[in-house]
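First comes the structure, then the notes that go with it.
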Amino acid sequence: MKCKLLLSICFSLFLLNGINAQEYYWSSQKKNPLTVDSKRAVLHLVENSALEARLRTNSSFEKIERISEHSVMIVIKDNGKLLSDEITGIASNSIASFLDNNGEPIIPTGEILFEPKKGVSISEVNKVCENQLTVLDKEYSNYTVLVKDYARIFELANKLYESGLVEYSHPNFIGTLVKFQNDPLYPQQYYLNNTGQFGGTAGIDINGPQALTITEGLTDVKVAVIDDGVENHIDINGRVLSGYTVGNPNGNGSPAAGAAHGQACAGIIGASLNNNEGITGIAPCTEIVPIDIFSNINASAGQIRDAIDWAWDEGEADVLSNSWGYPASDAITQAIGRARTQGRNGRGSVVVFASGNSGGAVSFPGNVSGVLTVGAIDRNGNLWAYSSRGPKMDVVAPTGNVNLLGDVRTTDRPGINGYVNGNYVDTFGGTSAACPQVAGVAALMLSFDPFMTESQVKNIIKFTATGTGFNNNVGHGRLNAQAALQQVTPKILGPSKFCPSGVMKVGEVSGGTISWSVSPSNSLSFTQGASTNTFTRIGSFSGSATITATLNPACGTTRVITKNVTVGGTINFTWSGVGPFGQLDVNVTSGTAPYKIYRGSTLLYSGYSNPRTVNFGCNGGVLKVEANTACGIASKSVIVPQGCASFRGQSAMVVFPNPTSFELNIAQLDEFKEARSEDDIGSGELQLYDFDGNKIKSHKFSRIGHDTKMNLSDLKKGVYILRIIAKEVDEVHQVIVR
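So that you can map any letter, position 732 of the sequence shown is 732 in the UniProt record's numbering, and since no number is skipped, the others follow by simple counting.
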């Protein structure tokens with residue numbers, strides 16, 4: 001009788017009475033509609049309770065599964081009977097499960113995920129939610145809270161989102177996590193080098209060998225394969241690190257029984273080169289960070305969020321490779337955003353997603369703004385019918401069919417644990433095999449220049465793709481690893497001018513060596529061996545020097561990198577004016593006499609007086625000041641705007657509208673037109689500077705009034721200086737961008 005009562009508790013409120021028959025949740029700034037799943041419900045139950053034990057003895061249930069420490073999911077058998085006459089008040093702490101538009105389960109866990117806007121306290125949030133919330137976890141300003149009344153989870157999550165107090169708010173749920181299935185073996189890797197094998201078209205590849213000629217890898221780089229786990233493999237040669245498993249703190253990202261999808265993706269990215277074994281990876285020195293989000297459990301949106309956060313944070317992944325899909329979740333979207341902005345010490349981790357194998361629109365999370373979305377073409381360059389597409393597409397890569405009917409050769413789990421009995425599989429495919437190709441190219445680029453930003457890597461991959469322009473089917477075109485690598489130059493990161501010392505940095509080279517040198521040898525002192533080095537002026541040296549770093553990695557290609565620097569001091573000064581007759585007051589605040597003051601290249605003053613008034617003139621221009629420093633003579637230049645007059649006692653040009661937010665127009669004043677025609681002025685140039693004298697942008701024009709415009713829509717609010725240069729015209733105007 002007790003079990004029948006519990007059965008009634010779990011289902012009758014939702015199924016017999018029709019309560020919550022339709023629901024929705026907010027994600028991606030839109031409502032995602034849901035319908036009741038008549039087979040599942042979620043009940044609030046503490047672990048190991050007597051009530052749970054009795055539930056598990058009920059023969060009407062197909063499955064009872066604990067989905068969190070405070071919730072269980074109940075699945076009723078098709079022939080199970082509901083006993084509506086035995087409903088009690090206990091049923092108020094349960095909720096139905098739901099189905100999304102694709103008929104896939106959306107199983108609420110009893111929790112809500114949200115991120116308050118800046119300045120909003122948790123008490124304000126709880127007030128909106130009628131004090132129904134108990135905080136379970138907070139990380140990266142994102143909250144996981146337990147709801148007291150399960151039946152109100154969607155109501156409260158939606159109410160919170162619609163209050164405007166949060167960046168996002170939706171129930172934590174378990175959705176269907178979808179895998180996008182689909183050396184000696186190097187000659188068979190047509191996606192790297194298509195020679196026409198398997199009936200393909202020669203040249204329909206990603207130019208893999210050409211890219212590896214540029215570099216096989218230089219500095220340390222890590223790729224997180226977020227999938228169903230990766231284990232070490234003879235062809236990955238000890239480069240699989242300890243990772244992360246959802247729901248298992250000791251799992252370390254190792255695959256569970258029967259899981260081999262992540263292993264196949266990892267081989268495409270990072271299998272060893274020239275080791276007389278198997279295949280060749282696109283970035284053969286890459287370390288693999290395995291992230292297992294499948295792990296034989298139902299991963300919730302909150303757990304996947306945490307896995308992504310672990311990948312870029314604790315896992316320190318430079319690139320995140322993702323060949324999977326999930327129902328839309330703002331919690332996951334926010335985690336992807338954190339990876340892209342906070343990963344790699346603020347330079348951003350590159351996040352790559354397969355577009356999906358549905359043949360329809362790019363699926364979540366591949367449609368999240370800012371990720372690199374990868375579709376699929378065949379070995380002849382034709383778009384696969386299964387390849388998801390749309391305006392979110394970025395690039396495509398050659399791959400095979402889905403459902404292990406493909407022709408991509410890659411690593412398999414050793415022995416009998418994978419797709420086949422052996423170490424390699426030759427039937428991989430789908431967008432699952434396309435995505436890791438892009439992740440591998442991103443890794444190879446970052447190994448060559450680890451100081452690139454996420455957006456730089458992403459833009460290079462997109463705009464070096466082989467294609468004729470963007471379209472919704474293939475994005476920018478076929479991935480071109482060679483062209484992408486040609487846009488990357490290894491660099492020494494550090495100041496180009498310093499005194500007395502400057503810190504220089506190259507990427508880490510684990511297991512290899514880094515040696516430094518400088519020319520002339522009497523210019524700077526330094527130490528050997530470290531990736532970060534301080535170069536200090538020797539004696540009174542002042543002038544130019546060349547710093548050289550030789551990187552010799554244990555895996556990869558030796559590279560010599562140079563940087564030209566100037567050893568010298570810096571000065572600062574202030575100016576005020578321009579006075580009624582063109583006078584300018586200059587005050588050197590950092591630097592010692594003798595001083596020199598210039599307008600452009602014209603010397604206005606040389607001597608020991610400071611501050612000093614000089615006759616700068618009324619047309620504005622470049623103010624340059626020289627002074628002594630501890631490291632010799634240094635100079636600094638700024639732009640001075642037009643002052644008292646320019647032509648016949650007044651400006652020759654007018655700029656409008658000023659202030660402006662978008663476009664700035666330049667035209668002659670009527671008084672100037674009387675003396676000089678537009679043809680007399682001829683062609684010229686507009687130069688825009690900030691107040692420190694840094695040129696922001698320039699634009700050449702053929703004649704005044706014809707194309708003398710400058711687009712300022714991409715500039716931040718502030719004050720800028722516009723210099724107009726043409727025949728008989730050289731004047732400066734202050735411009736305000738609002």
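Note that CB positions come from ideal geometry on N, CA and C, so glycine has one too.
Would you decide whether residue i is buried or exposed? Buried here means 16 or more other CB atoms lie within 10 Å of its CB.
{"i": "E685", "result": "exposed"}
{"i": "A530", "result": "exposed"}
{"i": "S121", "result": "exposed"}
{"i": "K392", "result": "buried"}
{"i": "P184", "result": "exposed"}
{"i": "R379", "result": "buried"}
{"i": "G429", "result": "buried"}
{"i": "Y608", "result": "exposed"}
{"i": "G448", "result": "Here the sequence assigns Phe to residue 448, which means Gly is not the residue at that position. It counts as buried."}
{"i": "N367", "result": "buried"}
{"i": "N403", "result": "exposed"}
{"i": "I416", "result": "exposed"}
{"i": "F535", "result": "buried"}
{"i": "D292", "result": "buried"}
{"i": "N131", "result": "exposed"}
{"i": "G229", "result": "buried"}
{"i": "V46", "result": "exposed"}
{"i": "L405", "result": "exposed"}
{"i": "P33", "result": "exposed"}
{"i": "T431", "result": "buried"}
{"i": "V560", "result": "exposed"}
{"i": "D100", "result": "buried"}
{"i": "D714", "result": "exposed"}
Can you tell me where the beta strand (DSSP E) with residue i in it begins and where it stops?
{"i": "E139", "result": "L133 to E139"}
{"i": "Y161", "result": "Looking at the DSSP string, Y161 is not in any beta strand (DSSP E); the run it does join, the alpha helix (DSSP H), is I153 to E162."}
{"i": "Q197", "result": "Counting along the chain, Q197 falls outside any beta strand (DSSP E), and DSSP gives it neither H nor E."}
{"i": "E23", "result": "Q22 to S27"}
{"i": "F616", "result": "First-last for F616: undefined, no H or E at that position."}
{"i": "L273", "result": "Unbroken run through L273: none, as it is neither H nor E."}
{"i": "N322", "result": "V319 to N322"}
{"i": "G621", "result": "G621 to T629"}
{"i": "D292", "result": "E287 to D292"}
{"i": "R599", "result": "T592 to R599"}
Grouping DSSP H, G and I as helix and E and B as strand, with all else coil, what is residue i?
{"i": "W384", "result": "coil"}
{"i": "L218", "result": "coil"}
{"i": "Q487", "result": "coil"}
{"i": "L212", "result": "helix"}
{"i": "I90", "result": "Reliability fails at I90, whose pLDDT of 36 lies under 50, so the model's placement of it is uncertain and the value that follows must be treated cautiously. The answer is helix: DSSP assigns I90 an H, G or I state."}
{"i": "E454", "result": "helix"}
{"i": "S349", "result": "coil"}
{"i": "R379", "result": "coil"}
{"i": "Q734", "result": "strand"}
{"i": "Y190", "result": "coil"}
{"i": "L83", "result": "Confidence is the limiting factor: at L83 the pLDDT is only 31, short of 50, which leaves the residue's position unreliable and the question unanswerable from this model."}
{"i": "D585", "result": "strand"}
{"i": "V368", "result": "coil"}
{"i": "R56", "result": "coil"}
{"i": "L51", "result": "helix"}
{"i": "S169", "result": "strand"}
Identify every residue that forms a DSSP beta bridge with residue i.
{"i": "Y689", "result": "K695 and I721"}
{"i": "D710", "result": "For the sequence presented, residue 710 should be read as Met rather than Asp. M710 pairs with L664."}
{"i": "G543", "result": "V567"}
{"i": "R409", "result": "Looking at the DSSP assignment, R409 forms no beta bridge with any residue, so it has no partner."}
{"i": "R389", "result": "A361"}
{"i": "L43", "result": "V72 and S94"}
{"i": "K497", "result": "T566"}
Span of the alpha helix (DSSP H) holding residue i?
{"i": "P436", "result": "T431 to F448"}
{"i": "H261", "result": "H261 to G270"}
{"i": "S531", "result": "Careful: S531 lies outside any alpha helix (DSSP H) and carries neither H nor E."}
Pairs of beta-carbons, one from the segment 535-547 and one from the segment 465-479, closer than 8 Å: are there three or more? no
Does the segment 262-279 come close enough to the segment 131-143 that 3 or more CB-CB pairs lie under 8 Å? no
Does the segment 213-230 come close enough to the segment 548-567 to have 3 or more Cβ pairs within less than 8 Å? yes
Kindly confirm or deny that the segment 250-261 and the segment 272-281 touch, where touching means at least three C-beta pairs closer than 8 Å. no
Would the segment 239-248 count as touching the segment 449-469 if we require 3 or more Cβ pairs under 8 Å? no
Meets three-Cβ-pair contact criterion under 8 Å: the segment 294-310 and the segment 98-118: yes
At least 3 beta-carbon pairs within less than 8 Å: the segment 312-323 vs the segment 338-350: yes
Three Cβ pairs or more, each shorter than 8 Å: is that satisfied between the segment 654-665 and the segment 624-635? no
Stretch-stretch touch, CB-based, cutoff 8 Å, three pairs: the segment 319-337 with the segment 355-373: yes
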